[in-house]
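So in our numbering, the last spot in the sequence shown is 1432, and the numbers never skip.
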Amino acid sequence: MAQQPPAPNLRYCFTIRAEVDDWMEVGASGSGTLYFIPITGGQVRGEGFDGKVLRGGGDWATMRSDKDVLEVEARYQIQLNNGVVIDIVNTGLTRYAKPGTLEIEYFMTRPHFRVAHPDYDWMTKAVFVGQADSKPDATEIHIFEVVNGA
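What follows is the structure, given as structure tokens:
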């Protein structure tokens, strides 16, 4: 029997609190109903990552026909207190405990970062995951870098 390889580890980086406005229904898509959720601002907190979420981004979310999974695809920018702007594309899944309810049992994302500043270039050369939680007025995403296991 083959030996199981070591699992990767996670290193906490920062938390994004993206404030949102009301959902707007765009209409039917191939796999469900498409919504647009405007991102109106927010905060970024973590070691070396204090800043704000810039207004103007949004989340294009598809509620699957079975009503128990929401596919998320968010695009927005954060600006750190030192002025550096980081562009983020964040895709993922929200799974609800029961179809048609808003009780979340799973909300994970895969953020992709684009930034030109050399101090943050490492973000363009790593894989990240986000563990998220949805509130009525915001989404909080705890960002972790995936690092080699032992």
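Note that CB positions come from ideal geometry on N, CA and C, so glycine has one too.
Determine the burial state of residue i: buried for a count of at least 16 other Cβ atoms within 10 Å of its Cβ, exposed for fewer.
{"i": "Gly1382", "result": "exposed"}
{"i": "Phe1410", "result": "buried"}
{"i": "Pro1288", "result": "exposed"}
{"i": "Leu1384", "result": "exposed"}
{"i": "Tyr1294", "result": "exposed"}
From the options, pick the residue whose C-alpha is nearest to that of residue i; which is it?
{"i": "Glu1422", "options": "Thr1297, Pro1288, Met1306", "result": "Thr1297"}
{"i": "Leu1362", "options": "Ala1408, Gly1340, Gly1333", "result": "Gly1333"}
{"i": "Tyr1348", "options": "Glu1301, Gln1359, Ala1379, Gly1338", "result": "Looking at the sequence shown, residue 1348 is not Tyr but Asp. Checked all of Glu1301, Gln1359, Ala1379, Gly1338; the closest Cα to Asp1348 is Ala1379."}
{"i": "Thr1322", "options": "Tyr1294, Cys1295, Trp1404, Val1302", "result": "Val1302"}
{"i": "Val1429", "options": "Gly1314, Leu1292, Val1335, Gln1286", "result": "Leu1292"}
Look up residue i in the DSSP assignment and give the residues it is bridged to.
{"i": "Phe1331", "result": "For Phe1331, which the question treats as bridged, DSSP gives no partner whatsoever."}
{"i": "Arg1346", "result": "Gly1314"}
{"i": "Gln1413", "result": "Met1390, His1424"}
{"i": "Pro1320", "result": "Gly1340"}
{"i": "Val1291", "result": "Per the sequence shown, residue 1291 should be read as Asn rather than Val. BP columns for Asn1291 point to Val1429."}
{"i": "Val1351", "result": "Arg1377"}
{"i": "Asp1369", "result": "Gln1359, Arg1396"}
{"i": "Gln1325", "result": "Arg1299, Lys1334"}
{"i": "Met1306", "result": "Phe1318"}
List the whole-angstrom C-beta distance separating residue i from residue j, where the pair is believed to meet the contact cut-off of C-beta under 8 Å.
{"i": "Arg1346", "j": "Glu1353", "result": "7 Å"}
{"i": "Thr1376", "j": "Phe1389", "result": "5 Å"}
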